[in-house]
Amino acid sequence: MISSENTARVEDLLFRVEGMHCIKCIRKIQSVGSHFQSLRGLNVHLGEHLVTLEAREDFPVEDFMEEIRAEGFKIVTLPKSSNQDLIKLNQKKLLMRIGVAGFCAGNIMLLAVAAYLGASIEGWPGLFTYLSALIFTPILFYSAWPLFESSWASIKSGGVSIDSPIALALVGGSALSFYNLIFRTEGPTYFDSLSMFVFFLMASRFAVHRIQTKYISGITTKDVFDQTRAVLVENGRARSVKSEEIKVDDLVRVGPNAFIGFDGHLESEEAVIDDAFYTGEFLPKIRAKLDKVFAGTKNVGGSIDIKVSKVLKDSRISSLVSNLNKSLQSKTAIQTLADRGAFYLTLAIILAAAVILAYFSLVNIEEGVNRVLALLVVACPCGLAIAVPLAQTIGVKRAFKNKLLIKNVDVLESMGKIKNVVFDKTGTLTLGLMKVSKVAPGALNSLEKDLIFNLEEKSEHPIALALRKFVGKRKSLDLRLFKELPGLGVSAVFKDDQYMLVSSKKSEGFVELRKNDQVLKTFYLEDQIDPDAKNLVSKFQTDGIETYILSGDKKKRALELGKSVGIDKKNIFFEKSPEQKESFIKNELVDTLYIGDGVNDSLAMSQSLVSVSMLSSADVAFKSSKVHILNGGLGALHSLLKVSEISVQTMKIIILISLIYNIVFAFFAAFGFISPLVAVIIMPLSSVTITFLGFYLMTSQNKGLQ
Amino acid sequence: MNVLIMTIPVSLTLGILFLLFFLSAAKDDQFENLDTSAQLPFSDDEEAGNNEELISEDIKKQDVSKKKKLETPADGSK
Amino acid sequence: MDQNKLEVTQNKSKFYDDKTVKWFVWATMAWGLIAFLAGIMAALQLAYWKFNLDLSWLTFGRLRPLHTNAAIFAFAGNAIFAGIYHSTQRLCKVRMFSDVLSKIHFWGWQLIIVGAAITLPLGFTQGKEYAELEWPLDIAIALIWVIFAINFFMTLWTRKEKHMYVALWFYISTVITVAVLHIFNSIALPTSFMNSYPVYAGIQDALVQWWYGHNAVAFFLTTPFLGLMYYYVPKAVNRPVYSYRLSIIHFWALIFIYIWAGPHHLLNTALPEWAQTLGMVFSIMLWAPSWGGMINGLLTLRGAWHLLRTSPVVKFFVTAITFYGMVTFEGPLLSIKAVSSLGHYTDWIVGHVHSGTLGWNGFMIFGMIYYLVPKLFDTKLYSNKLATTHFWIGFAGLLVYYISMLSAGITQGLMWMAIDSSGKLVYPDFVETVTRIVPLYGVRAFGGILYLIGFVFMIYNIWKTVKSSRGGLVQTLIPEPIQPRLHEEKETFHRKLEGKVFIFSILSFVAIAVGSAIEIIPILSMNSYIKAEDTVEPFTPLELAGRDIYIKEGCYTCHSQMIRDLPFDTIRFGKASTIGESMYNRPFQWGSKRTGPDLSRVGKKYPHLWHYRHMLNPRDVISQSIMPNYPWLFENKTDFYSLRRKISVMKSLGVPYPDELVANPDTNAEEQALKIANELREQGAVMPQLERKEIVALIAYLQALGQKAKKEDK
């Protein structure tokens, strides 16, 4: 598998693969990889569902992906965004800083405790303290560096960051300790506490950072479909070309079950197009000559010819995707409660410190330094910095246990601010499973049931499944001339009669059983509603939240569904395109919770305060949402509400208690009742108690959760 | 107690040596992709055995279930 | 078959080297047998001394070091190597770096053990626990260990798997740390082929010894076994480690600060207060990462607990891990000064050690062997039932051992501490406290016998398993790595050069370290921290000869020379020992067990004849003594001539002998011996050439204990 040819250029490819659990899976994927000579390296990342490849330019990505699928995995390509690399690099650097901090802090503690107990070596006075100081330098100049960087950056931009008081304390404390060490050997030194402080802080930030950056990746059109080649029709002759070679005004032939890779106009008389991408509906549409067709839709009829009006990169889907990426990556993180609290507190501390220092510079500078040091250390909102992220982390974990994947911790706080809830229709409020709801005229007779069973026996189409379920298991019939009519249905001959089961051209959602071109029976198919939908809607309404449906589907169905789940007619919008959904959220509503499952929901999700993707979501929806339901249907949202409630409650308590601690001890420090040494002991103690409190509050409450 | 002048430097040197190992390991991505690495003891084919049981709980839960889909996304044409 | 073998030899690098693994497993079992037998013999002697079969080589003092060295280095050592060789290759997806080095490692190690088996019973010992082997064997250990290190690290260097599984990190820490500790603790100046004196003395030696001793436990009996646990337990239950992240975190936490624990073996002694407290605090802190390991190991069985019922391997592993948890809780507990004042010097410590070695180490080894051998031979274990029987018998033996020693220890400790209302000892006769627990020694021996019986079942079971395998040792093809290291197309020459540079650096580091240590240490021995009034006179040449006999006979295994500053110690034995009193003692004789009483101030307490009769037959002077007879001391002649070299080495290590004495130590000793012999004759001893016999030297030494305070008017 590892080729020894160094000739061609090598590139890195990244894939997301679902269904890998264990060694067997890894071996399967490796054995697929071994079929390709142009593959140089393959690595599987179980936890992140990723496969990375190092391959030559000519590596056949499609074939590889097909073979992977044949083994039973789901695979999509991921763009290798430089953003990802940077994040990984930063995490690595942070880990290294923490390692150094841990080593130094641990050993300084040993030396410090020894010195404190009276350790000394004859002829080497103060050895232990000098050693502590020596071991402290890597922490100050390496491990704590990001704290200084961010403080300096915020000063330059005219503000303060939560790192500012910490940075000040470190600089002040270190300076004082070194001064005492070198010039006044009896003076107290704080290397042990400062080092522990840094270690503790960095470690907790690392833990939070890992959770929060787990799901960042850019989206491309390849997430929707991936086509490398197309069939160009020139002067009546068809030939295969690379997709990139297609130009405006070219005539392209799109085969059955192929995606359309550009925007254009239909040149053939008729086409059956599946435009689920834009509408979310799975019943295909019939298009006529000169109708517009869009990139990302699928031709589910016979071969058709299309005249290109916009190539892929200029097409509607591309602009959709690029807008999506823009809004996902923009920093519209909410100003959380913790952020605000920390900001004001930090400001207050720094002002107080300045005042104290100014005052004491006239009286007794050393006393002033001591008090300021104590103040900076004890008033630092570290409990906040640690306890709140911990609460968020636990919140995310609990959500996970309750089958919710929260990708952005701010969701926990945002849920409490929701004023509007918007549901997508198909696949969200409905299960995406069809059911026969009505048969007309009259019931089916035995022969008809047998016919239906046999006609739809081989198909996996949702309609076929619904029909088969409706009739139950029937006996086999001898059918001849069985034919599949793409996008329409099936036909076969039985005892000299031709029978067809086809979608009705007249009305959407109707399927006709025809004998010799005469309609025998008509079936009305419905999408099953999620059993939890009604409850959920009514809960939202009781809480004073407006509920909406935004659907790409037709008016009648949308209204019917709205009625079944209890959403007001005026809040139901139909035949909405992805762009229209987005603009509705952006312009008409605020503080929205959007729930959807398809590519056509992703733009709207990117504009919402909280976005939820359903279990069976398209990958683009998954990537665009902030919360993903891992199992089951809408019922999981109840858990989301509860976890968020608990989290917000806990965070509020933590913040309150933390503030009280900080203010009270700040006063003590300012008035000289606490020495820096005592401050350094109190601070971690308070951080620990607040953290434990947060932990306890997050894990003890149940409210019916797992 | 002068022997501490020997034991402390030796212990610290040993500690620093391990710290350097740690840093070199972090740089070399030793701490990435720990879920795959936890499966290393099972990577000998002859002892692969019944790997269906080897599913780490975390990975199992994180897997987005293969519920039936109406359309297969990202399906390229041949 | 031959064609196959030919193919294999030609393509060796495609197969794992399991032959070495197999050899290490056999060695483990063979030496285990010896170690357990030695242990039982020693245990029986404590119950009834005559079990020494009247042979000096088998007497407790000489046998105990043999038992400890065999158990640690021969039994556990070979098992560690077997497991490391087996798992490292598979985790790296590469054959061991060098077959030649593997062979040298194996045979070299076994030769060292044979050397130990010969020298220790003959009394050639450095007198330091778990480091008794004399300097030629110490050097051999260092050499073989370096060869092992090279083989191991080069295997890692050439590995095909990118990630180094956590077990490998534990092995790395073992290889490096054991090497460093061994080298620094063993630095000694030889006086002859089989005798040497450590460069450290008194309290310095005590600290270095237990810096080594405790970390030997940590890095020889804990970290490699944790590594083995992280590999074999998942294999045995077919489940990955419960939390791989936790295992990595707890490894690094352990490594960064573990080196400092050690003083907890010296609590309440003359070690400075701050050092004792430090040792106590950090020993208690280390409880956390240890339990992290235990919990991680046990929780790996999540969802597979039913295997505990059906699989002997799992039974052994789970019990082992549980005992690890117990021991790492008991340890910190014993590190608390108050608890230590009760348990130190008693059999509680012995119980503690054995619950760790028999429970954690022994059971891990048994589980590993039961798992490994069938795999090596591609067959099934001959009898699961027999293995289960082994488990229960062994477990019973282990429990009997631990409970008997715990009771003995606490009983004796309490009896020692007992002071009545008038401030007098309730049990003023030391032997009283011994007699009370002697029956428990018998029980303990029985526990050991049970453990051995179980072990014998294992040997039988394994033997039958191997016999039943049709194809012999299986040649296993090395599979592809699951996380391949990319960019392998680096020039092989370049890589080899890097490898050589790496080896070279290690060797130079070792050389420099040892060299500088030998230079620096004697300087550091300047005892400037000892108060003037606490300094003592060094031993006279005869006393030194007697001391060396004391060490040779292993008297320190039963007698301590460190009176703690605790009322019940001082009332019983005299003034608390000071640092100064042992300032020239190399190796230090503080001791760690009081099967018999402390001897720090036994000097001039009894007349010479008392010691004469006591050594000939202890029951002559103390009717209930359990100490063995030492008739050979009355036959063997003292080696006066060797004193020349000995005294000169002592002088070079900083002991202030006057030059005239360094020139003629033998005549000086002979004079003193004659004086003592004559005194003995006056007291009634009848023995031809008494002044030439070892007993006289020993008596000279014993009479000097506690009597070496500097006299002002000299």
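Chains as they are written, first to last, in my numbering: chain A, 1 to 706; chain B, 1 to 78; chain C, 1 to 714.
The beta-carbon is built from N, C-alpha and C at its ideal position, and this holds for glycine as well.
Query	Result
Is glycine 397 of chain C helix, strand or coil by DSSP?	helix
Chain A partners of threonine 13 of chain B, CB-CB under 7 angstroms?	Ordered by position in chain A, no residue passes the 7 angstroms Cβ test against threonine 13 of chain B, which lies about 12 angstroms from the chain.
At a cut of 8 angstroms, does the segment 212–219 of chain C reach the segment 236–247 of chain C through at least three beta carbon pairs?	no
Is any beta-carbon of chain A found at less than 8 angstroms from that of isoleucine 482 of chain C?	yes
Any beta carbon from chain B within less than 8 angstroms of valine 175 of chain C's own beta carbon?	no
Hey, is leucine 4 of chain B's beta-carbon within less than 8 angstroms of any beta-carbon in chain A?	yes
Please report the residue range of the beta strand (DSSP E) in which serine 437 of chain A lies.	430–440
With phenylalanine 170 of chain C as the anchor, note down where its alpha helix (DSSP H) starts and where it stops.	166–185
Do you know whose CA, among A:Ser564, A:Leu232 and A:Phe262, lies nearest valine 252 of chain A's CA?	A:Leu232
Might you give, ordered along the chain, the residues of its own chain that have their beta carbon closer than 7 angstroms to the beta carbon of arginine 547 of chain C, omitting 5 neighbours on each side?	Phe539 and Tyr701
Does any C-beta atom of chain B lie closer than 8 angstroms to the C-beta of glutamate 682 of chain C?	no
Rounded to a whole number of angstroms, what is the C-alpha to C-alpha distance between alanine 576 of chain C and glycine 423 of chain C?	17 angstroms
Looking at chain C, which residues of the segment 35–46 of chain B have a Cβ within less than 9 angstroms of any of its Cβ atoms?	Asp35, Thr36, Ser37, Ala38, Gln39, Leu40, Pro41, Phe42, Ser43, Asp44, Asp45 and Glu46
From the beta carbon of leucine 299 of chain C, is the nearest beta carbon of chain A less than 8 angstroms away?	no
Kindly indicate the opening and closing residues of the beta strand (DSSP E) around methionine 500 of chain A.	497–503
Between the segment 34–42 of chain A and the segment 52–67 of chain A, do at least 3 Cβ pairs fall closer than 8 angstroms?	yes
Listed from N- to C-terminal order along the chain, which residues in the segment 35–52 of chain A have their beta-carbon within a distance smaller than 8 angstroms of any beta-carbon of chain C?	Arg40, Gly41, Leu42, Asn43 and Val44
Please list, in chain order, the chain B residues whose beta carbon lies closer than 9 angstroms to that of lysine 92 of chain A.	Ala26, Lys27, Asp29, Phe31 and Glu32
When you compare the segment 303–322 of chain C with the segment 337–355 of chain C, are there three or more beta-carbon pairs, one atom per stretch, that lie closer than 8 angstroms?	no
Of the residues C:Pro587, C:Trp57 and C:Asp569, which one's Cα is nearest the Cα of leucine 722 of chain C?	Here chain C comprises residues numbered 1 to 714, so residue 722 of chain C is not present and cannot be evaluated.
When the Cα atoms are used, what is the spatial distance from proline 136 of chain C to histidine 105 of chain C?	17 angstroms
So, with DSSP's three-state summary, where would you put proline 541 of chain C?	helix
What are the boundary residues of the alpha helix (DSSP H) that includes asparagine 78 of chain C?	77–92
So the candidates are C:Asn52, C:Thr59, C:Met29 and C:Phe51; which of them puts its Cα closest to the Cα of glycine 554 of chain C?	C:Thr59
Just to confirm, are valine 536 of chain C and methionine 583 of chain C a CB contact at a threshold of 8 angstroms?	yes
Which value, in whole angstroms, describes the spacing of the CA atoms of alanine 621 of chain A and asparagine 361 of chain C?	54 angstroms
Going by C-alpha to C-alpha distance, which of C:Pro332, C:Ala320 and C:Leu372 sits closest to leucine 398 of chain C?	C:Ala320
On the premise that lysine 403 of chain A lies in contact with asparagine 90 of chain A, defined as a C-beta separation below 8 angstroms, what is that separation, rounded to the nearest angstrom?	Actually they do not touch by this definition, with Cβ atoms about 31 angstroms apart.
Using a threshold of 8 angstroms, state whether the C-beta atoms of glutamate 273 of chain C and glycine 118 of chain A are closer than that.	yes
By how many angstroms is the C-alpha of tyrosine 696 of chain A removed from the C-alpha of phenylalanine 715 of chain C?	Absent from the structure is residue 715 of chain C, since the part of chain C shown begins at 1 and ends at 714.
Taking the straight line between their C-alpha atoms, what separation do you get for alanine 203 of chain A and glycine 472 of chain C?	52 angstroms
Among residues of its own chain, excluding the 5 on either side of tyrosine 661 of chain A, which ones have a beta-carbon nearer than 6 angstroms to its beta-carbon?	Ser686
Quick one: measure Cβ to Cβ for alanine 82 of chain C and valine 175 of chain C, integer angstroms, because I've assumed they're closer than 8 angstroms.	Actually they do not touch by this definition, with Cβ atoms about 15 angstroms apart.
Assign asparagine 678 of chain C to buried or exposed, taking buried as 16 or more other Cβ atoms, counted over all protein chains shown, within 10 Å of its Cβ.	exposed
According to the neighbour-count rule (16 or more other Cβ atoms, all chains shown, within 10 Å of its Cβ), is histidine 608 of chain C buried or exposed?	buried
Which runs of the beta strand (DSSP E), 3 residues or longer, sit entirely within the segment 605–644 of chain C?	none
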